[in-house]
Each structure stands twice: as C-alpha cells, then as structure tokens.
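Chains as they are written, first to last, in the numbering used here: chain A, 5 to 646; chain B, 39 to 209. The beta carbon of each residue, even a glycine, is placed where N, CA and C say it ideally should be. As structure tokens, the structure follows; a few thoughts come after it.
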C-alpha cells in the first residue's frame, strides 16, 4: 500500500508538470534492497533487520552501528558471529541510512565498501547503490560516473534495476538515444514494463521522434494488466498523450485517448477536463458538457473542477443558452467566493501553527494513507488545497525532515529522562552497597586465607603421593588407628627397655615384636590398595576444589559487579547529558526552521491558488454580465421577431 | 483552437504570475543547507544512541546475569501470529501483540528481541505460549517449555515459531 501511495503521489506530482511538458517517471522501488540472509547467524543483525523491515530506520541504524562497532573492537573478529554477515551489514547500514535520508553518510559508507578489497559483484552492487544515491539527490552526472565504473559480474537480482537506473540517468542528462534501447529491452521486464514503456515514449518524444513517441505512449496506455500501479501508469500515459494531441490540434484523437483514463483514478479530473476541451475544440459544445458536467460535481478544491465551473457556462453560452450560462456563472461566483474564504481561513490557520501540529499527529503516522487522512481532518482545512504540493519532492523531503526532527526531539527528551533514572538507580545502588561491602570484604578475606591454606595442604599431599610412586612410603598411608597402635607399641617398647635391667620378660618382648610385625605387615601389604585409594580421594578432593574455585570466581565477579553497578558512570552520564542538551537545542532550532519552510511552502501554494480563484472570479463576473446582456438581447430580438 | 479557447475563458498564466506576489520564498539552496544540517544532527544523535545503548546494557543488564530472548518465524511460515507470552523462571516476563508490520518484518526474516533481563545462574524453565490463526483460518494456540541453563556470561536464546511447533535454540 505504501509503495502504491508513493507511486501515486509521484505520478500526481509529475502530472502537475504537464504544462511544462511530459516528464519521465521513476519506478516506485522498495525503500531498501537489504534482505535477510538465507541462514541468520547473528541474532543482533536479525534484530536490526526487524526494525528496518518496519521502517524504524533510526533504531535499525543504531543497532547495526552498535554491532559493527563491537565487531571492529574485538581482538578475534572470527569469534563474533557478525563476521558471517559483516559485508552485508556494512551494506545494510548504508542502505538504511539512505532510507533515513542520510545521503552523505550513506554515500561515504558505500564508497568505503567500493574502495575495500571486495569481490566484483559486491563492488558493482555498491556502485549501483552509490549511483542511485546521486540520482536521488539530483546529481545525474555523478550518478553516471558511478555507473561507468561498473565492470564485470553484476548480482542477478539487480540487473534490471541497474538497467532502468541507467536509462533514467540518460534521460536526466539528455542522452535520450542511449536510453532508448535500454528501455526497449526492459519493456518485458516484470514489474518494470509499464514504467519502461512510458519512459521510452517520453525518450522518443524528447529525441524528436514524435510519431514513434506517440505510438509508444499509445501502446503504454493500452497495456494489459489491472494491478493498481499498471492502471495508474496507463492513465498517466493516456493523459500525457491526450494533452499532447490536444496541444498539436488533434482534438478527435485526443478525445479518444483521454476517454481511456479511468473515471475514478487520480488523473480522471484532468482527463475529463481535457476531454471536454477536445469536444469544444471541434465546436461540439453539447458533447463537451458531458465530461464537464461530471467534473463540476467533484471535489471543488481541484483546479480542474474549478476550471470546469467556468467551462460549463461557457459551453452553455456557446449553445445560446445564455440564461442557463448566467445562472451557472452566478453559481461559480458563489463557489469561488466560498473557496477564497476557505483559503483565507487556511492561510490564517497555517500561520497559527495548526498545519505543523496536524502534520506531527501521531495517529496519522501509523497510517500508510496518512496524506489522504490528513485531508479529511476537520481541523486542518488548509490541507484540502495542498495535495499537489504535498506530493512534490521538495515538500515531501521537507516534511520527512520535519517528522524526523520531531522524532529526534522526542527521543532526546526521553533520553534525558532515562539519564535521570540511571542516576537515581546508581545512587540507590551506592546507598545499598557501600555500607555492606566493607563487612563482606572482611569476611571474604578470612575465607580467602583459609581457602589458600587448604589448597596448600592439598598441593603438599599431591606432591608426597607423586614422590611415593617412585619411593614407596607405607608409613605415610597408615590409618589413624594404626598410628595410635604404633605409638602404643613404641611406648611398650620403651617401657620394656627400661624394665630390661630389672626383670625383663622375654615372652612380653616377643609379643611386642609380634604386634609390631603384624602392624608393619598390614601396612606394607595393604600399601598398593591404600595408595590407589588415596589417589582416588585426591581426585574427589579436586572436584570439590573445582566447585570451590567456581564459587570463588562467581563471588569475585559478583563483588566486582556490585562496585561496577555504581562506580565509573558519573563522567559518562555527565557527558551524555551535555551532548543531549546541545542536541536538543540544535534540533529545536532546526525543527523551527524546517517547520517555517513547510509553512511558507504551504502558504505560497494557497496564495497561488487563491490568486487563481480571484482571477476566475473576475472572469466569471464579466462573463455573468455578458451572459445577462446576451440573454436580454436575445429576448429583445425574440420579442421584436414576434 | 484549444489554445484560443483556453485564452478566451481563462486568464493567461503570465497574467497570473504577474499578480503572484509572495511574501517569502524558500530557495533550493536554503533547503539543501537545512537538509545537510538535519543529516548532521541525525549523525550526532545516532552516535548518542549507540553510546546510550551500551550504557543501558552495562547498567541494567550486566553480562554476568544478562539474558535475552529472541523470536523468529520458521522459514516460509504463513500462519498469522497474534500474540506471544513468555515466562522465565516461573514468572511472566513478556507479552506481545503483533501488528501487521511486525508480523511482516518477522516473515521477511527479521528477529524480534522480546525480552532482555537478568537471571541467576542455574537451570530455569522458559515457557512460551503463542496464539494465532492457521492459513486455513483455524485457531492456533500452543504452549511449550524449555530448559535454560544460565552460566556465567550473557545467555541468548531464540524461539522459532511455526504453526505446528515452537523451536528453541540456545546461542
């Protein structure tokens, strides 16, 4: 729908330039050529595309800029998933900037791609986009230079668009003969057939090949297909050809062509007016009244309708129906007076700022048909007369800038509020953490030293175990009970040694030796099993140590995060606040200037239409008097005759 | 003949122009100059947006605890998605009603970030409920649960919606 609306407004605008001669029509392309990759490997790139596909250019560019900046900062770009799409992302950001009417930045971004080390098709696509930027900025020569740098393979998806752009540029620089064969080739291109055919007709006419040009426009006006864009281009071709024939004094042929224009399309008013003039040119005023009578009952603000309000009584006058003519001139006078009053009210309303308020209405921006809706708002009478102006490129660009600035103004105000919230959040965090952290740090230091001690013990055990693999030490693996036994046996041995001088008992000595022997035997024979078990125990301990390390790291991170949650933001926020303040002032200034331009354009347009109506009024008044005279004279002659 | 008639009935444009006295005009140069200034301020504000995005992320969603849930549509899916509800760790974190533009953006391959928040480490349940209409016009309502294992570092998950199933990918 948006595409159609853009297209229709473009056609309307170019149709208003009929008096100055027929103009080529650009194809209504999609706003961006970026598409999602076949397999998305970076969700944040996908997020930028999600914004872009909804026309949220600002968010899309900001997101993609953030991602590209991060990508350029990382030490190992291949670890960033954006590296899978980085070429496309670089392109996309230029594409989005173009859609956001940041032509200078988009041009620079695309130029950087062209100058980089890229594959031929990528470079050629970049050149195509650069040429399109220049062409949209009315820099046809620069656009042509960019196209002339395209050599070799071109991506399949843009071949026809590239050819059409080349033809448009040739038309713009007056190289009609070179545009002709390209447009001829594109006449069967899907989606371009109507535009190619129409522009071919214009190229032929401009080249001086009048007959071929007319035939081409004639064919365009009878193309098959009934989609809205096709029907509109057919109407446009018929209208241009019809007026051309009328101008060249071929009223019959003009009539035939103009009558092909649909009665309900955007060109129908002009076609009906022209159709009537074709009849009038042949002296068939009765027939001229047919289209003109349809026309006078239409929207009175349309220039064609206003012209018909004079044309109808003129035709009646030519048919000697002076009474009826006088009556209709009188009605036209009343109608013109009302419209002049409406225009005065509109000019006053614009000067009071209501026009800008209406343009910035939020609910209108949600609607693709907002220009149409704007006209139906009761509190914006000024817009009734501004359709042609609103469809003009200058107004559209100014309006878009105004709306973009309005969006920026709102964003900056929100950001300022966000900074207030951030500061409050930081203060709350500081108030919460600062008293807690010293106690937490003290407890942590204690735990930390205990942990280090235990880890040192663990390392010592491992070292001993490793040494025991080459130099077995069974005593190291004695159990606690065995150690007690061993100590007790040693005690008994010492007592036995002390008693030996007195009355040593060989039997007791033997039992003690046996006990020691049993103990040593058990320790020595169970050594391998014990060593294996100890290694297993060490591995289990390692698992616990690993868990401890994880917990330790998590704590350290949380502890750092606690400090980082309120430290180190003040300077950044202060700078952001200063930048936002400066930007708000600048946006406010630009908004006022842009708004003023829009108001001046609107007031000038309304003034021009008002002056036209005043001239009509004067003419109607003279014609009314003349009709009365003629009616009176005719009545007198009739009476004399009787 | 046509010209003569027009002259006869209407005032010639030259005459019109002679009366066309306008108080103020906007020249092409003025418009171009202003347009360039608008482009400059857009560049400035975009730069601020990038910095504010980073500041906001650092302040509100530290990388240790950050969790982000993205939504995409399965390739070639034509069903109409009406709404989506996301619960994480047993509490509702996001509800979204889809406009035509949003649905179209998803169909073109865009990915919506439906939720950014903070989550403690460990295993959490992610419950997704979607409603919509199938291409045949039947009501679609589907709920599916997934396990999200939150570790140290940001957690990014993607939910892929299709009329028959809800997919999950841990990035």
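So, helix, strand or coil for residue i, using DSSP?
i                      : result
residue 569 of chain A : coil
residue 640 of chain A : helix
residue 109 of chain B : strand
residue 411 of chain A : helix
residue 206 of chain B : strand
residue 153 of chain B : strand
residue 154 of chain A : coil
residue 22 of chain A  : Bear in mind that the predicted position of residue 22 of chain A carries a pLDDT of just 39, short of 50, making it too unreliable to give a figure here.
residue 170 of chain B : strand
residue 45 of chain A  : coil
residue 83 of chain B  : helix
residue 178 of chain A : coil
residue 159 of chain B : coil
residue 54 of chain A  : helix
residue 13 of chain A  : Only weak support is given to the placement of residue 13 of chain A: the predicted model assigns it a pLDDT of 38, under 50, and the value that follows is read from those uncertain coordinates. Note: residue 13 of chain A maps to helix in three-state DSSP.
residue 196 of chain B : strand
residue 169 of chain A : helix
residue 213 of chain B : This structure does not reach residue 213 of chain B, given that chain B is present from 39 up to 209, and the question cannot be answered.
residue 149 of chain A : helix
residue 646 of chain A : coil
residue 146 of chain B : coil
residue 143 of chain A : coil
residue 564 of chain A : helix
So the alpha helix (DSSP H) residue i belongs to, where does it begin and stop?
i                      : result
residue 313 of chain A : 307-322
residue 110 of chain A : 107-119
residue 132 of chain B : Premise fails: residue 132 of chain B lies in the beta strand (DSSP E), 129-135, not in any alpha helix (DSSP H).
residue 291 of chain A : 289-300
residue 342 of chain A : 326-355
residue 102 of chain A : 90-103
residue 66 of chain A  : 61-77
residue 509 of chain A : Taken as a continuous stretch (DSSP letters only), residue 509 of chain A belongs to no alpha helix (DSSP H), as it is neither H nor E.
Does chain B have any CB closer than 8 Å to the CB of residue i?
i                      : result
residue 605 of chain A : yes
residue 186 of chain A : no
residue 25 of chain A  : Legend: pLDDT at residue 25 of chain A = 45, less than 50; position of this residue unreliable, value from coordinates given subsequently. No - not a single Cβ of chain B is within 8 Å of the one on residue 25 of chain A.
residue 426 of chain A : yes
residue 40 of chain A  : yes
residue 107 of chain A : yes
residue 401 of chain A : yes
residue 34 of chain A  : Model confidence at residue 34 of chain A stands at a pLDDT of 43, short of 50, so the residue's coordinates are unreliable; what they give is reported in the following sentence. Chain B, which has no Cβ nearer than 8 Å to the Cβ of residue 34 of chain A, makes this no.
residue 601 of chain A : yes
residue 436 of chain A : no
residue 248 of chain A : no
Among the options, which has the Cα closest to the Cα of residue i?
i                      : options                    : result
residue 61 of chain A  : A:101, A:50, A:87          : A:101
residue 76 of chain B  : A:409, A:281, A:207        : A:409
residue 528 of chain A : A:459, A:486, A:178        : A:486
residue 214 of chain B : B:131, B:117, B:163        : This structure does not reach residue 214 of chain B, given that chain B is present from 39 up to 209, and the question cannot be answered.
residue 648 of chain A : A:271, A:263, A:342, A:259 : Nothing about residue 648 of chain A can be reported from this structure: the residues present for chain A run from 5 to 646 only.
residue 224 of chain A : A:576, A:182, A:365, A:238 : A:238
residue 659 of chain A : A:498, A:266, A:577        : Given that chain A is displayed from residue 5 to residue 646, the structure contains no residue 659 of chain A and the question cannot be resolved.
residue 81 of chain B  : A:105, A:167, A:149        : A:105
residue 131 of chain A : A:103, A:95, A:142         : A:95
Would you verify that the beta carbon of residue i is, or is not, closer than 8 Å to some beta carbon of chain A?
i                      : result
residue 188 of chain B : no
residue 132 of chain B : no
residue 52 of chain B  : No answer about residue 52 of chain B holds up, because its pLDDT of 35 lies below 50 and its placement is not dependable.
residue 64 of chain B  : yes
residue 183 of chain B : no
residue 193 of chain B : no
residue 178 of chain B : no
residue 47 of chain B  : Bear in mind that a pLDDT of 48 at residue 47 of chain B, under 50, signals an unreliable position, so the model cannot answer this.
residue 151 of chain B : yes
residue 111 of chain B : no
residue 91 of chain B  : yes
residue 162 of chain B : no
Could you please give the first and the last residue of the uninterrupted beta strand (DSSP E) stretch that includes residue i?
i                      : result
residue 120 of chain B : 118-126
residue 182 of chain B : 177-188
For residue i, verify whether its CB is less than 7 Å away from any heavy atom of the ligand ATP.
i                      : result
residue 487 of chain A : With respect to the ligand ATP, the structure shown offers nothing to examine, as it has no ligands at all.
- request: Starting from the N-terminal side, write out each stretch of the alpha helix (DSSP H) that is 4 residues or longer and does not extend beyond the region 189-256 of chain A.
  value: 197-210, 214-224, 232-251
task: Only counting runs of 4 or more residues, tell me where the alpha helix (DSSP H) segments fall wholly within the region 404-469 of chain A, in order along the chain.
output: none
4-residue-minimum alpha helix (DSSP H) runs that sit fully inside the region 521-560 of chain A, ordered along the chain: none
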